[in-house]
Amino acid sequence: MSQTAGRVIVRVPAKINLQLAVGPLRPDGFHELATVFCALDLCDVLTASPAGSLTLDVQGPEGAGLAADRNNLAWRAAELLAGHAGVPARVGLHIEKNIPVAAGLAGGSADAAAALLACDRLWGLHLPAPELAALAARLGSDVAFALLGGTAVGAGRGERLRPIEGAASFSWVLAAADGGLATPAVYAELDRQRGLGDDAPAPVVADPAATLAASGVAEAVTSGDPELLAGRLGNDLQPAALALAPYLADTLAAGQKCGALAGLVSGSGPTCAFLARDGEHARTLARALAGTGSCRQAFAVTGGTARPTVLG
Ligand code: C5P
Numbered sequence: 001m002s003q004t005a006g007r008v009i010v011r012v013p014a015k016i017n018l019q020l021a022v023g024p025l026r027p028d029g030f031h032e033l034a035t036v037f038c039a040l041d042l043c044d045v046l047t048a049s050p051a052g053s054l055t056l057d058v059q060g061p062e063g064a065g066l067a068a069d070r071n072n073l074a075w076r077a078a079e080l081l082a083g084h085a086g087v088p089a090r091v092g093l094h095i096e097k098n099i100p101v102a103a104g105l106a107g108g109s110a111d112a113a114a115a116l117l118a119c120d121r122l123w124g125l126h127l128p129a130p131e132l133a134a135l136a137a138r139l140g141s142d143v144a145f146a147l148l149g150g151t152a153v154g155a156g157r158g159e160r161l162r163p164i165e166g167a168a169s170f171s172w173v174l175a176a177a178d179g180g181l182a183t184p185a186v187y188a189e190l191d192r193q194r195g196l197g198d199d200a201p202a203p204v205v206a207d208p209a210a211t212l213a214a215s216g217v218a219e220a221v222t223s224g225d226p227e228l229l230a231g232r233l234g235n236d237l238q239p240a241a242l243a244l245a246p247y248l249a250d251t252l253a254a255g256q257k258c259g260a261l262a263g264l265v266s267g268s269g270p271t272c273a274f275l276a277r278d279g280e281h282a283r284t285l286a287r288a289l290a291g292t293g294s295c296r297q298a299f300a301v302t303g304g305t306a307r308p309t310v311l312g
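Numbering follows the numbering used here, with no gaps: position 56 of the sequence shown is 56.
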């Protein structure tokens, strides 16, 4: 395998889940789920440069305090790819972090996907897409979607993907929170709530694929009609995220009051996503929401058609 001389730059999108139906806990510690992933035009940018060994540095508006070692999923992605391909893990990784961390936006997964794409190119491997997707799935449940982008149905623990052809793009406002939530803690809280019996705020979902199909969300994303999509959003993790971060109830109420078509917690939270009619409505909504003080920051994004881009 030859190593090309130049550096490789990859832009890779954050995601929200338009529907997240969470089934029972599996013996392997993951939950069976059925989801619709939606890639956002909020991207991290990873640069991979030739180097004598594996190094990583993280900068950018959301980069403060983030691990720049083996605890970072991008580092582990480079190691995994090198081991798989039988090449030395010689690369200098630089991440410009724009996606909030521990926020339910799969920012760490995005960086891992970016590292796979960039190192594959830098090291001249050119692995077939299914092989990269299999490596992605070993790194985390959301990494395979970050490689793909667009809008897709996810099954299994989220790694089995089927793109939704003809999915439209929609305008959203993201409300970023001050703190983060750990994904395992949110799933554990859901299990706890479900274990409480009939009065639990989170009923057990036996067949997440059936729940997803019944929601009609896949049809709504191809319709391009935000009013239709608004009634079809859902997130089984939301009651658990609200229990761990009760302030999110205020954020969701503020978004509703400011005129969002709908709002929900993104993935395991704590970011909240609000659906707007169009880009102009999203920008107005973001300003109004930021003015309420119910979140750290509110900003307009577009979701549904963003894809990872490899430059260089
Ligand atoms: O796959 P990933 O590393 O992103 O998952 C982080 C944690 O989230 C898992 O260790 C598990 O606790 C929880 N999880 C889950 N079911 C899924 C995906 C994630 O329980 N389908």
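For glycine and all other residues, C-beta sits at the position ideal for the given N, C-alpha and C.
Need the endpoints of the beta strand (DSSP E) that P163 sits in, please.
Here residue 163 corresponds to residue number 163 of the sequence shown, with the count starting at 1. Segment 160-163, the beta strand (DSSP E) holding P163.
Proximity of A150 and T309 at Cβ, strictly below 8 Å
For the purposes of this step, residue 150 is taken as the residue at position 150 of the sequence shown. For the purposes of this step, residue 309 is taken as the residue at position 309 of the sequence shown. Note that residue 150 corresponds to Gly in the displayed sequence, not to Ala. Going by C-beta atoms, G150 is not nearer than 8 Å to T309.
With R11 as the anchor, note down where its beta strand (DSSP E) starts and where it stops.
For the purposes of this step, residue 11 is taken as residue 11 along the sequence shown, with counting starting at 1. It spans 8-25 - the beta strand (DSSP E) in which R11 sits, taken as one unbroken run.
Could you pull the start and end residues of the beta strand (DSSP E) that L289 belongs to?
As a working mapping, residue 289 is identified with position 289 in the sequence shown. Premise fails: L289 lies in the alpha helix (DSSP H), 279-292, not in any beta strand (DSSP E).
Mind listing, in chain order, the continuous alpha helix (DSSP H) runs of no fewer than 4 residues lying wholly within the region 127-157?
Complete alpha helix (DSSP H) runs here, min 4: 129-139, 143-148.
Coil, strand or helix - V221 by DSSP
Working through the sequence shown from its first residue, we reach residue 221 at position 221. Helix at V221.
Excluding the 5 residues preceding and the 5 following A155 in the sequence, name in chain order all residues of the same chain whose CB lies nearer than 7 Å to its CB.
Within the sequence shown, the letter at position 155 stands for residue 155. Contacts found: A34, A209.
By DSSP, does L196 sit in helix, in strand, or in coil?
On the sequence shown, position 196 is the one that residue 196 refers to. L196: coil per DSSP, three-state reduction.
Return the CA-CA distance between V186 and Q238, expressed in angstroms with no decimal places.
Translated into positions along the sequence shown, residue 186 becomes position 186. Translated into positions along the sequence shown, residue 238 becomes position 238. Cα-Cα distance, rounded: 9 Å.
Measuring CB to CB, does L93 end up less than 8 Å from L125?
Taking the sequence shown and counting its residues from 1, the one referred to as residue 93 is at position 93. Taking the sequence shown and counting its residues from 1, the one referred to as residue 125 is at position 125. Inclusion of L93 and L125 in the CB contact set at 8 Å is not warranted, their separation being larger than that value.
Per-residue burial, S141 [other beta carbons within 10 Å of its own, 16 or more giving buried]
As a working mapping, residue 141 is identified with position 141 in the sequence shown. Label assigned to S141: buried.
Excluding the 5 residues flanking T183 on each side, which residues of the same chain have their C-beta closer than 7 Å to its C-beta?
The count along the sequence shown starts at 1 and reaches residue 183 at position 183. Contacts found: S268.
Spatial neighbours of T55 in its chain, beta-carbon cut-off 6 Å, leaving aside the 5 residues before and after:
Numbered from its first residue, the sequence shown carries residue 55 at position 55. Correct list, in chain order: G92.
Keeping to the same chain, check which residues put their C-beta closer than 7 Å to that of H84; ignore five residues upstream and five downstream.
As a working mapping, residue 84 is identified with position 84 in the sequence shown. So the list reads L135, once near-sequence residues are dropped.
Would you list the one or two residues that DSSP bridges to N72?
Here residue 72 corresponds to residue number 72 of the sequence shown, with the count starting at 1. Per DSSP, none; premise fails for N72.
Would you kindly work out how many angstroms separate the C-alpha atoms of G86 and S53, rounded to a whole number?
By 1-based counting over the sequence shown, the position of residue 86 is 86. By 1-based counting over the sequence shown, the position of residue 53 is 53. Rounded to the nearest angstrom, the two C-alpha atoms are 15 Å apart.
Helix, strand or coil: how does DSSP classify F299 here?
Taking the first residue of the sequence shown as position 1, residue 299 is located at position 299. Of the three classes helix, strand and coil, the one that applies to F299 here is strand, per DSSP.
For T211, report the span of its alpha helix (DSSP H) as first-last.
The count along the sequence shown starts at 1 and reaches residue 211 at position 211. 208-215 is the span of the alpha helix (DSSP H), which, as asked, contains T211.
Quick one: grab the DSSP three-state call for T271.
The sequence position of residue 271 within the sequence shown is 271, counting from 1. It is coil, neither helix nor strand.
Among the candidates V153, C258, G303, whose CA atom is the shortest distance from the CA of A213?
Counted from its first residue, the sequence shown places residue 213 at position 213. Measuring C-alpha to C-alpha distances from A213 to each of V153, C258, G303 identifies V153 as the nearest.
Is it true that the CB of A106 sits closer than 8 Å to the CB of A14?
Along the sequence shown, read from residue 1 onward, the residue named residue 14 stands at position 14. Along the sequence shown, read from residue 1 onward, the residue named residue 106 stands at position 106. The criterion of a C-beta distance shorter than 8 Å is satisfied by A14 and A106.
Using 7 Å as the cut-off, classify the Cβ of H94 as near or not near the heavy atoms of the ligand C5P, replying yes or no.
Looking up residue 94 in the sequence shown gives position 94. False, no ligand heavy atom lies under 7 Å from that Cβ.
Could you give the distance in angstroms between the alpha-carbon of G63 and the alpha-carbon of E96?
As a working mapping, residue 63 is identified with position 63 in the sequence shown. As a working mapping, residue 96 is identified with position 96 in the sequence shown. Taking the straight line from one Cα to the other gives about 7 Å.
Between L139 and the rest of its own chain, which residues show a CB-CB distance below 7 Å, the 5 nearest in sequence each way excluded?
In the sequence shown, residue 139 corresponds to position 139, counting from 1. Closer than 7 Å at Cβ, skipping near neighbours: L73, R76, A77, L80, A112.
Alpha-carbon to alpha-carbon, I9 and Q3:
Looking up residue 3 in the sequence shown gives position 3. Looking up residue 9 in the sequence shown gives position 9. Here the model assigns Q3 a pLDDT of 43, short of 50, so the residue's position is not dependable and the matter cannot be decided.
CB-CB under 6 Å to A220, same chain, minus the five flanking residues each way: which ones, in chain order?
Taking the first residue of the sequence shown as 1, we reach residue 220 at position 220. If we look at A220 and ignore the five residues flanking it on each side, its Cβ neighbours are L228, L229, R232.
To the nearest angstrom, how far is it from the Cα of G293 to the Cα of A253?
The residue you call residue 293 lines up with position 293 of the sequence shown. The residue you call residue 253 lines up with position 253 of the sequence shown. One C-alpha to the other measures close to 12 Å.
By a C-beta neighbour count over all protein chains shown, 10 Å radius and 16 as the cutoff for buried, is G108 buried or exposed?
As a first step, residue 108 must be located in the sequence shown, where it is residue number 108. When all chains shown are included, G108 counts as buried.
Assign T317 to one of three DSSP states: helix, strand, or coil.
Any question about residue 317 goes unanswered here, given that the chain covers just 1 to 312.
Mind checking L40: buried by the 16 CB within 10 Å criterion, or exposed?
Residue numbering aside, residue 40 sits at position 40 when the sequence shown is read from its first letter. Flag for L40 reads buried.
Near the ligand C5P: G158 beta-carbon under 7 Å from a heavy atom
Along the sequence shown, one-based indexing puts residue 158 at 158. Distance from the C-beta of G158 to the nearest heavy atom of the ligand C5P is below 7 Å.
Nearest-angstrom Cβ-Cβ length linking S171 and T284, presumed shorter than 8 Å:
Counting from 1 along the sequence shown, the entry for residue 171 is found at position 171. Counting from 1 along the sequence shown, the entry for residue 284 is found at position 284. The pair is not a contact, with the Cβ atoms about 11 Å apart (cut-off 8 Å).
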